[in-house]
Amino acid sequence: MNNLTEKLKEKCSDAVLEVKTCRNETTVLVNPGDIVNVCRFLHDDEDLAYDYISGISGVDYLGKEPRFAVVYHVYSMKNKNRLTLKVLVPENHSVPSVSSVWRGANWFEREVFDMYGIKFSGHPAMKRILMPDDWTGYPLRKDYPLKGFIPAKWTKQDRPW
Amino acid sequence: MGEKEFLISNRIILTSLTKITNWARRSSIWPMTFGLACCAIEMMATSASHHDIARFGSEVFRGSPRQSDLMIVAGRVSRKMAPVLRQLYDQMAEPKWVIAMGACASCGGVFKNYAVVQGVDEIVPVDVYVPGCPPRPELLLQGVMKLQQKIDREKLRI
Amino acid sequence: MVNTETERDTMILNVGPQHPSTHGVLRVVLELDGEIVVNSNTVIGYLHTGMEKTIESERYVQAITIVDRMDYLSCFFNEIGYILAVEKLLGIEVPERVKFMRIILCELQRIASHLVWLGTHALELGAMSVMLYTFRERELILELFEMCSGYRMNSGYMRVGGFYLDFPDGFIDRLKNFINVFPSKINEYETLLTKNIIWKERTVGLGVLSAEDAINFGVSGPLLRASGVKWDIRTAHPYSGYELFEFDVPVGTHGDVYDRYLVRMEEMRQSLRIISQAVKNLPSGPVNVVDRPDIILPPKRNAELGMEEMIHHFKIVSAGFPVPEGETYVAVESARGELGFYLVSDGGNKPYRLKVRTPSFANLQALPLMLKGIMISDVIAVIASIDIVLGDVDR
């Protein structure tokens, strides 16, 4: 793990804001603009070889600034080693897409966009994935009510019986 | 030869048209394969060897709505799926029936949220509600039997 | 439309979301040149249930009910993954017996899940009788689940810190009976399929996924192992005491549909091996952590008689328990692959955020790669070989 921290500090010292280890999990806080460079380095470096992406999640810290966090869980098949990358995103800001590094990131990023409205620049198809295309609002945001904004009502026209 | 002997010797049964039609309809309800979530697995278990829905004449699961009489809504219906479900229902030929299988299809179940339709009766008319999360296969069989009783009481429409 | 490579006219064919052979409500849009698939697009979300949002408004114990229904073919994996994440934040170490019990249930669940996969996979290729065989044995497993939890599917049996109840009397005898019966049944399935010439014609060399592509797409589970990557979380990062057991991780070589079939068949045998070891060495003792009364309910009998326990019981049931602030990512090997739970706690009695990394979601992404260039009649075989559960994909 020390090896990782040193390498990261050496190669991308501007990009890495903080490295902390808690409960045997290492989390690296990355500057949003440099996330692709950091990921590319972690993926291509022969010793580190983080070649597998476990998932990308969004978190909404409503009331804090910056409001959103995007969390990347990456894994190295070679070293059997997990790493968490985190970027903090203010509202209405976009994050560069890492789908060029791991193709598997494509759907994960679309899901984050669908649920939080965080746009990923450079993504091949930045559109909704789980909700219908004409849906309004981003369901997993904390200010989105559990039952949705519009209670679903079927008009008389839809119910002919 | 008396009337009775004539009927017996020529193997003739007299019944009303309503009765014979209802008997035919209820003995071969063909369901549509419309598995959505957990309940679909129990629906499969109902049609498989242990529970054997063939005993009630409903083992012929059809892929096409045009060939089926019964839509078993097995599982939660999301807002994205709701228009599809309605379209499939409209494509089914009369007479048609709907069983809402499980809590989610009946009333939304544990998912009282933005994504799930709170009861499939918002979209299509439901004949039998089967409770459970998911219902046991026996319960689905009972639902089918209830539907058969309901069909038996139907009036023939001309 | 026109195929850009061959400049021939192509046709768009929509498969799903209501389709007999797509394992639920998956929609695949195929671009066809004659009978050959040129391109494909996967559309998901038809079973989106808003579980992650719902969980944010439920207490930690109530959330078990929700995660159960996520991947409904393997509910115990969802339970164990979620509970391990909560226990990690709470800093709980559960007793040995709990670990063994969890492993027994998980491996039984793996067999049950693979049986459904085998039945439907064969059904979709026209071998209907296999499904009747596999569902027969699946009933035996479901009876075991029903015996201990009272529920056939979606049991909700595990709790944070252990179990609600111990295995009932007679459970172990019945389980031993199952262990004796099942190996001959696997052989029965294999006689039906493994050397069956029709089965091989339809599966060998189909839907090939290379190891590099699989890793790059985040594919995991039997799908990844069939491509030749020996990676199983049970051995790579043992959890819940898997390091105490002896088992092999089957690996394929070609990464085609047939290899995935072989890998899963062997996995069932290995699961059975794990179960028999666990039954043999099942330790006795409590089925809950003893030193955490703030999390574990007092015995029901005491709660009925004593005032103190009654209040204690009421407090845990109505208010839940707080979980220390922090975040963690815990992954378990489900029947379909890496099932990860990213849990963020703000110190309250409800999860602040629970993101579930479901294996089917990542595995399904690689579908267009596997479909490219194959015949339309083989599309269903490839989809079946991924073994997706749409509840797992859409959540």
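Chains as they are written, first to last, in this note's numbering: chain A, 504 to 664; chain B, 8 to 165; chain C, 11 to 405. Backbone N, C-alpha and C define an ideal beta-carbon position, used for all residues, glycine too. Computed from a prediction, not measured in an experiment: that's the story for all the values here.
Val601 (chain A) and Asn582 (chain A) have their alpha carbons spaced roughly 21 angstroms apart. B:Ser71 is the residue among B:Ser71, B:Pro144, B:Arg143 whose C-alpha sits nearest the C-alpha of Met99 (chain B).
If you check the CB distance, Cys542 (chain A) and Trp638 (chain A) do not come in under 9 angstroms. Contact between the region 53 to 62 of chain C and the region 124 to 138 of chain B is absent, with fewer than three C-beta pairs closer than 8 angstroms. Of the candidates C:Val140, C:Asp269, C:Phe188, C:Phe87, the residue whose Cα lies closest to the Cα of Ser286 (chain C) is C:Phe188.
Along the region 173 to 196 of chain C, none of the residues has a CB nearer than 7 angstroms to a CB of chain B. In terms of Cβ geometry, Pro635 (chain A) and Asn609 (chain A) do not form a close pair [threshold 9 angstroms]. In this structure, DSSP gives Met111 (chain C) a helical state, which the three-state scheme calls helix.
Taking a C-beta cut-off of 7 angstroms against chain A, the contacting residues of the region 68 to 89 of chain B are Arg86, Lys87, listed in chain order. At a cut-off of 4 residues, the continuous stretches assigned as alpha helix (DSSP H) that sit fully inside the region 244 to 310 of chain C are 267 to 290. In terms of Cβ geometry, Met88 (chain B) and Pro38 (chain B) do not form a close pair [threshold 9 angstroms]. Distance between Ala329 (chain C) and Pro648 (chain A), taken at the CA atoms: about 22 angstroms.
In the DSSP annotation of this structure, the continuous segment of the beta strand (DSSP E) that includes Cys525 (chain A) starts and ends at 519 to 525. The Cβ neighbour count for Val327 (chain C), taken over all protein chains shown within 10 Å, is under 16; the residue is labelled exposed.
Taking 3 residues as the shortest admissible run, the region 53 to 92 of chain C contains no complete beta strand (DSSP E) segment at all. Selection C:Gly228, C:Ile306, C:Ala246 evaluated against Gly172 (chain C) yields C:Ile306 as nearest (Cα-Cα). Annotated three-state conformation of Thr213 (chain C) is helix, per DSSP.
Distances from the alpha-carbon of Ala552 (chain A) to those of A:Gly566, A:Val577, A:Val531, A:Leu532 put A:Val577 closest. Excluding five sequence positions before and after Arg613 (chain A), the CB atoms of its chain that fall closer than 6 angstroms to its own CB belong to Ile632, given in chain order.
Judged by DSSP secondary structure, Tyr555 (chain A) falls within the beta strand (DSSP E) whose first and last residues are 555 to 563. In the three-state DSSP reduction, Asn51 (chain C) falls in the strand class (E or B). Unbroken beta strand (DSSP E) stretches of 3 residues or longer found wholly inside the region 75 to 114 of chain B: 77 to 81, 104 to 108, given in chain order. Taking a 10 Å sphere around the C-beta of Glu89 (chain C), we find 16 or more other C-beta atoms and assign the residue as buried. In the DSSP assignment, Asp43 (chain C) falls outside any alpha helix (DSSP H) and lies within the beta strand (DSSP E) extending over 37 to 43. Take Glu222 (chain C), set aside five residues on each side of it, and no residue of its chain has a beta-carbon closer than 8 angstroms to its own. Sequence-distant Cβ neighbours of His124 (chain C) in its own chain, meaning closer than 7 angstroms and more than five residues away, are Arg274, Glu277, Met278, Ala345. Pro132 (chain B) counts as exposed, since fewer than 16 other C-beta atoms from the protein chains shown sit within 10 angstroms of its C-beta. The Cβ-Cβ distance between Val354 (chain C) and Gly383 (chain C) does not fall below 9 angstroms. In the three-state DSSP reduction, Val135 (chain B) falls in the strand class (E or B). For Ile65 (chain C) and Glu348 (chain C), the gap between their C-alpha atoms comes out near 21 angstroms. At a cut-off of 4 residues, the continuous stretches assigned as alpha helix (DSSP H) that sit fully inside the region 301 to 373 of chain C are 310 to 315, 317 to 329. Rounded to whole angstroms, the Cβ separation of Val140 (chain C) and Leu152 (chain C) is 18 angstroms, and the two are not in contact under 8 angstroms. Taking one beta carbon from each stretch, the region 288 to 306 of chain C and the region 260 to 273 of chain C have fewer than 3 pairs nearer than 8 angstroms; the two do not touch.
With respect to Pro535 (chain A), His596 (chain A) sits close: the two C-beta atoms are nearer than 9 angstroms. Going by DSSP, Pro599 (chain A) is part of the beta strand (DSSP E) stretching over 597 to 599.
The region 359 to 379 of chain C makes contact with the region 393 to 402 of chain C: 3 or more CB pairs, one atom from each, lie closer than 8 angstroms.
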